[in-house]
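For the sequence shown, our numbering gives the first residue as 394, with consecutive numbering after it.
Beta carbons are placed, not taken as given, at the ideal position from N, Cα and C, and that holds for glycine.
All of these numbers come straight from a predicted model, not from anything done at the bench.
Everything on this sheet refers to the single structure shown next.
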Amino acid sequence: AWIVGENGEDLQGPKEFLPLSKLEDIGVLYWQLDPKKSESKEELAKIRKERGYSYMDLIEICPDKLENYEEKVKNFFTEHMHADEEIRYCLEGSGYFDVRDKDDKWIRIWIKEGDMIILPAGIYHRFTLDSAKYVKLMRLFIGEPVWTALNRPQEGHPARQQYVKNVDGKQEVIDAWYMDDSQEDQRLPHHREPKEFIPLEKLSELGIISWRLNPDNWEKDENLKKIREARGYSYMDICDVCPEKLPNYETKIKNFFEEHLHTDEEIRYCLEGSGYFDVRDENDQWIRVAVKKGGMIVLPAGMYHRFTLDTDNYIKVLLMTPALLPCFCSLNSLIMGYTYVGIRQHVQPASSIFAKENGGFGF
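Take a look at the structure:
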């Protein structure tokens, strides 16, 4: 995926490819399958069952096989949205799906054989073939298909309003800024002077994914269910972090604030309260990420970070991992007894490693 101009033209200068996290940040989901392998057929069947895609058909888009080809390709490339998800699995050939990002720029997604993408309801998008002028797609749908394209503008449509709320509303529950170097209470905001706020796009570039969800109905939340299914988060647990409810609170909160990393993603969904996740940027500067009720973030494996409560002294989080038997171990960033080249190329386990069975976990 990369940024293109209004008419699909490549911009001047070197092409800058975007990470998949950028697509996830605007609600686009992706799988890599293989139409020729039986294992992929089983994976496809699993996805269809879990997401309720009961309808399926095939479409070949090319001058020789698509009736009214010129007219339909022109319509496909007209900016539009749908009231439901758009699910496409590429069986042969290739093509471009263009989607709008949060700054209203076009992101071009080049799909090839084996690529499966889901565009969320309400996202503005368009489709065109590439120079090969052929693609064979599987189309999936929940129930009877509705192929109605709603051309832009559709700002009053419920699906569009919900999509905008899901994407733009995150700033209300997740905020970020560069930290000062003060040694004051770690629970204070620690803004620089003047304040330097950071857009969520910057966090996305660092590999941090975030969502705004409905914490009051999390057990039945379809959006959370879709995220868990798409990312394989099979394990869940709930933890209250506060002096009254967390055993060995003082020791653990101190250890949470020691700089560390995990060998797997760290997934945290705030159900109540609030807290701060501090992460290192590419220049080794601290970014403070404030997470409130309804905010869910994923820190990538290998990212140095730490956690602390804010002055309200309470957060209730849903912990998730892809594993059935999760390991919440932390690897401290302090290097002792190693000679190394570069920054933190070798780490050793810290004394702050927690085992779940001992009532602890890493933040």
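Could you work out which residue in the options is closest to residue i when comparing CA atoms only?
| i | options | result |
| --- | --- | --- |
| D614 | L664, S433 and L411 | L664 |
| R699 | D671, N676, K709 and K686 | D671 |
| D674 | I502, C635, L596 and D496 | L596 |
| F359 | M696, D705 and T704 | This structure leaves residue 359 out entirely; the chain is present only between 394 and 756. |
| K430 | E506, Y489, K498 and K442 | E506 |
| L543 | Y707, R661, A476 and I602 | A476 |
| G668 | V560, A569 and W424 | A569 |
| S447 | M531, F490 and S433 | M531 |
| R605 | G488, L422, R661 and D427 | R661 |
| W395 | L459, D418, R444 and I500 | I500 |
| G488 | E478, W503, Q576 and D496 | W503 |
| K465 | T704, I440, G536 and W540 | W540 |
| T592 | K458, N610, Y571 and Q579 | According to the sequence as given, residue 592 is Pro; it is not Thr. The shortest Cα separation from P592 among K458, N610, Y571 and Q579 belongs to Y571. |
| L522 | K498, Y642 and L459 | L459 |
Based on DSSP bridge pairs, tell me the residues matched to residue i.
| i | result |
| --- | --- |
| C483 | L530 |
| S627 | In DSSP, S627 forms no bridge with anything. |
| F650 | Paired residues: none, contrary to the question. |
| H473 | H518 and N544 |
| Y707 | Answer by DSSP bridge pairing: none, since Y707 is not bridged. |
Does DSSP put residue i in a helix, in a strand, or in coil?
| i | result |
| --- | --- |
| E399 | coil |
| S597 | helix |
| R444 | helix |
| S726 | With a pLDDT of 43 at S726, under the threshold of 50, the modelled position of this residue cannot be trusted; read the value that follows with caution. Reduced to three states, the DSSP call for S726 is coil. |
| Q579 | coil |
| N641 | coil |
| Q554 | helix |
| N544 | strand |
| E453 | strand |
| D787 | The structure shown has nothing for residue 787, since the chain only spans 394 to 756. |
| K685 | strand |
| R585 | coil |
| Y731 | Any reading at Y731 must be qualified, since the residue scores a pLDDT of 26, below 50, and its modelled position is unreliable; no value is offered. |
| I567 | strand |
| E658 | coil |
| I602 | strand |
| K408 | coil |
| Y669 | strand |
So residue i and residue j are supposed to be a Cβ contact under 8 Å. How far apart are they, rounded?
| i | j | result |
| --- | --- | --- |
| Q547 | M474 | 6 Å |
| E659 | L692 | 4 Å |
| H518 | D491 | 6 Å |
| K686 | P608 | 5 Å |
| K619 | R444 | 7 Å |
I want to check one thing, is the minimum distance from the CB of residue i to the heavy atoms of the ligand ADP below 7 Å?
| i | result |
| --- | --- |
| P551 | The model on display carries no ligand, and the ligand ADP is accordingly not part of it. |
Pairing CB atoms from the region 669 to 683 with CB atoms from the region 549 to 557, are three or more of them under 8 Å? no
Evaluate contact between the region 527 to 539 and the region 446 to 464, counting only Cβ atoms and requiring at least three cross-stretch pairs below 8 Å. The region 527 to 539 vs the region 446 to 464: in contact.
Report yes or no: do the region 623 to 635 and the region 704 to 713 share at least 3 C-beta pairs separated by less than 8 Å? Yes, the region 623 to 635 touches the region 704 to 713.
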